[in-house]
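K.L.:
Numbering (UniProt numbering), first residue to last: 1 to 777.
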């Protein structure tokens, strides 16, 4: 768009613009602002059309130049242009947005050409009107109103933040304009539907009046500084009287409908609080403006609300502040309060359903003990509130993700919430790419033919089956995926966030400290239990305690619900635990029998593959991914109580972590036994008593191990049986005995309690292969 561009009258694509300007009486000449530059007169168009027949609304700053903004991180400024859509469509929430502003632009005031001229000439303005909408301001200014527009009733504030986040700062250009033109009075003008409500069943009628009240309160607060300095003398709030709502709600509609009476409309507005024909005006200059506004909008009580909006409600049931009422021609009658559903009584204890952010910023549903006295304090005025709270005998959990949710089971409250997402066919390319990055493997999916190429024991195939069983057979015990990497930017935590979102309301993401808390009510009733950045340690008393707690949780089908101040309650347990850790070498001590851990080392995401919007895209793909899980065939057959064959989930990093977390004594035992089998390579078994083994281990050590700890390791870690006292031989060296030409093993006789060591238990397959003697040339 050039500054000298004009609407092409021959172009039928501009019809929406032409029709709108014609109704408002805006001619081609009045649609142009002329400003003098150093060499010539510069003409600027306010309203023009784009290629889609939408209306482009050009904004200009107080100097008459095009308004510009700079996005965060950008070097160059962009022009601020708002778009009035010809055919607005509802967004994902159902809201219809008629206007679009540039992304990341912030807010700007709209100065009509008449106002820009007054600013340039520093003309004194006694009373300034601020109203929502560019067309309203433009039309008003055409007829002598000193008026500027703002994009919305909340669109007056500046990008600069007040130290109190609740207080909005007046846009700097509005403040400069007021000072240049010596404005004394401010009128914040809203539409004819300001004191109206649109009744709908289940719609809280308080919300719209509260939004108006909030905007007026905020703009009044924003003028505090100018009032205190004496720059502005008075602030008024005004709206077009409700009886004009039928001819058009805004100032532009009013002036179009009352053609020829524009001057009378202006005079009535400038009467301020004495306006009576077209406007209702309140002086909100004094410090008690907040109380005054609450009363004016009927927000002090439900009775006051009904008195203000009775004509729009009648005798129908209506919702106010989440409570249901109706008027029986004599008085208001309380019917029900929707907050009742946030409370319950289980046994003799009272609880509340709450939502709070976890350490990842995701909202999590929780059920917490809540004193009955607090409920009475908050809702005692609502007759019958407590009797409306549902009563249950106990808590339980019943996962059922693929069919209708059941909230009450045999008089027990099901702590699981309904699934937030429904399965729906669609694409999940981003999710596939991400899961392939995390779990790797050689298994793939061909989306063109909808064919899976699974491989037994492949990490990707295993995790796809894990997710499928988790969704379709939720009562089945499953192993614990543990995602490890010392690197940043791998996507480990994103897996937790994503799974938590899939089972929203039934998931929790904990840090290590939260998991180790004595009370477990914040997670034990959840289906997905994520433990982020877990550090359990490898070889100390606390580490063993934490690991045993984890193993017991994974293996049990019941759990004790432990809440502070509440007796223990036993509930079924179907939770699926998934962990992440940066400590890839020392997360926890891994032993041979720890076959319930599916440990995956996650690589860094390549710089070229990083996508800041990946998580948002994966959230959108959840319905499609659930549909995939609902309809695919589980590849791995059930062969264990944790479903998978042990060898299918023992990854390479499981063995790495197992070796890395052995204690010094365990490593010394293994090294010594291996060294003996390497030395006496013809033997398949060796008998030895613990004292002899300890002597060999301690021979060249400064810090000596003790016999009790050695015996403990042999029994509890290596699972060696101790045989009763008897005679046996221990190999000690090779030697050539008398009468022989070849070396033989020399033994020492012993009589003790002993253990038997089998070569196949201590040497792996490659170590068992005999080393060939080099052949002579």
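Yeah, the Cβ is synthetic: ideal placement off N, Cα and C, and Gly gets one too.
From which residue to which residue does the alpha helix (DSSP H) around residue 601 run?
P.N.:
Not the alpha helix (DSSP H): residue 601 falls in the beta strand (DSSP E), residues 597-601.
K.L.:
Once the 5 residues before and after residue 350 are set aside, which same chain residues still bring their CB inside 6 Å of it?
P.N.:
370, 372.
K.L.:
Return the first residue and the last residue of the alpha helix (DSSP H) that residue 149 is part of.
P.N.:
From DSSP, residue 149 is part of no alpha helix (DSSP H) but of the beta strand (DSSP E) over 147-150.
K.L.:
Could you tell me whether the stretch 194-204 touches the stretch 140-147, where touching means 3 or more Cβ pairs closer than 8 Å?
P.N.:
No, the stretch 194-204 is not in contact with the stretch 140-147.
K.L.:
Please check the pair residue 192 and residue 239, which I expect to be a contact at CB under 8 Å, by giving their CB distance rounded to whole angstroms.
P.N.:
Yes, residue 192 and residue 239 are in contact; Cβ-Cβ is about 7 Å, under 8 Å.
K.L.:
What number of angstroms, rounded off, separates the C-alpha of residue 48 from the C-alpha of residue 319?
P.N.:
Using only the alpha carbons, I get a separation of about 43 Å.
K.L.:
Answer with buried or exposed for residue 584, where buried requires no fewer than 16 other C-beta atoms within 10 angstroms of its C-beta.
P.N.:
Label assigned to residue 584: buried.
K.L.:
Verify whether the separation of the beta carbon atoms of residue 455 and residue 461 is less than 8 Å.
P.N.:
Going by C-beta atoms, residue 455 is nearer than 8 Å to residue 461.
K.L.:
At the level of alpha carbons, what is the spacing between residue 704 and residue 761?
P.N.:
Distance between the alpha carbons of residue 704 and residue 761: 26 Å.
K.L.:
What's the C-alpha gap between residue 249 and residue 314?
P.N.:
Rounded to whole angstroms, residue 249 to residue 314 spans 22 Å at the Cα level.
K.L.:
Taking only the alpha-carbon atoms, compute the straight-line gap between residue 480 and residue 560 and give it to the nearest angstrom.
P.N.:
Going from the Cα of residue 480 to the Cα of residue 560 covers about 20 Å.
K.L.:
Going straight from the alpha carbon of residue 677 to that of residue 657, what length do you get?
P.N.:
Roughly 25 Å separates the two Cα atoms.
K.L.:
May I ask you to list the residues that DSSP assigns as paired with residue 300?
P.N.:
Looking at the DSSP assignment, residue 300 forms no beta bridge with any residue, so it has no partner.
K.L.:
Tell me which residue opens and which closes the alpha helix (DSSP H) that residue 377 is part of.
P.N.:
372-379 is the span of the alpha helix (DSSP H), which, as asked, contains residue 377.
K.L.:
Give the secondary structure of residue 332 by DSSP, where H, G and I count as helix, E and B as strand, and everything else as coil.
P.N.:
In this structure, residue 332 counts as strand in the three-state DSSP scheme.
K.L.:
Using only CA atoms, which one of 89, 55, 104 lies nearest to residue 78?
P.N.:
Nearest of 89, 55, 104 to residue 78, Cα basis: 104.
K.L.:
Which residues does DSSP pair with residue 450 in a beta bridge?
P.N.:
Answer is none; residue 450 lacks a bridge partner.
K.L.:
What first and last residue would you give for the alpha helix (DSSP H) that runs through residue 510?
P.N.:
From DSSP, residue 510 is part of no alpha helix (DSSP H) but of the beta strand (DSSP E) over 507-511.
K.L.:
Taking 8 Å as the cut-off, decide whether the C-beta atoms of residue 244 and residue 278 are in contact.
P.N.:
Going by C-beta atoms, residue 244 is nearer than 8 Å to residue 278.
K.L.:
Taking only the alpha-carbon atoms, compute the straight-line gap between residue 176 and residue 119 and give it to the nearest angstrom.
P.N.:
Cα-Cα distance, rounded: 10 Å.
K.L.:
With distances taken Cα to Cα, identify the nearest neighbour of residue 552 among 497, 504, 478, 499.
P.N.:
For the residues 497, 504, 478, 499, the minimum Cα distance to residue 552 belongs to 478.
K.L.:
Could you give the first and the last residue of the continuous alpha helix (DSSP H) run that contains residue 723?
P.N.:
Careful: residue 723 lies outside any alpha helix (DSSP H), inside the beta strand (DSSP E) at 723-736.
K.L.:
I'd like the list of long-range same chain contacts for residue 452, defined as Cβ closer than 6 Å, with 5 residues on each side in sequence excluded.
P.N.:
The residues are 445.
K.L.:
With a cut-off of 8 Å, do at least 3 Cβ pairs link the stretch 418-435 to the stretch 615-632?
P.N.:
Yes, the stretch 418-435 touches the stretch 615-632.
K.L.:
Go to residue 234, then tell me how far its beta strand (DSSP E) extends in each direction, as first and last residue.
P.N.:
Unbroken beta strand (DSSP E) run through residue 234: 234-240.
K.L.:
On a CA-only basis, which of 97, 443, 447, 73 is nearest residue 84? Give me that one, please.
P.N.:
Among 97, 443, 447, 73, the Cα nearest to that of residue 84 belongs to 97.
K.L.:
Closest to residue 86 by CA distance: which of 494, 605, 633, 100 is it?
P.N.:
Of the listed residues, the one whose Cα sits closest to residue 86 is 100.
K.L.:
In the stretch 238-314, which residue ranges form an unbroken beta strand (DSSP E) of at least 3 residues, counting only runs that do not cross its ends?
P.N.:
List check, beta strand (DSSP E) in window: 279-283.
K.L.:
What residues are listed by DSSP as bridge partners for residue 49?
P.N.:
Paired residue(s): 55.
K.L.:
Is the CB-CB distance between residue 745 and residue 687 below 8 Å?
P.N.:
Taking 8 Å as the Cβ cut-off, residue 745 and residue 687 do not qualify as a contacting pair.
K.L.:
Within 10 Å of its beta-carbon, does residue 4 have 16 or more other beta-carbons around it, so buried, or fewer, so exposed?
P.N.:
At residue 4 the pLDDT is 42, less than 50, meaning the model places this residue with poor confidence and gives no usable figure here.
K.L.:
Quick one: what does DSSP say residue 27 is sitting in, helix, strand or coil?
P.N.:
It is coil, neither helix nor strand.
K.L.:
When you compare only the Cα positions, how much space is there between residue 529 and residue 509?
P.N.:
Distance between the alpha carbons of residue 529 and residue 509 is about 6 Å.
K.L.:
Considering only residues of the stretch 96-128, which uninterrupted alpha helix (DSSP H) runs meet the minimum length of 4 residues and lie entirely inside it, listed in chain order?
P.N.:
113-121, all fully within the stretch 96-128.
K.L.:
Can you give me the C-alpha to C-alpha distance between residue 151 and residue 228, rounded to a whole angstrom?
P.N.:
The straight-line gap from Cα to Cα measures roughly 27 Å.
K.L.:
Does the distance from the C-beta atom of residue 492 to that of residue 580 stay below 8 Å?
P.N.:
Result yes, Cβ atoms of residue 492 and residue 580 sit closer than 8 Å.
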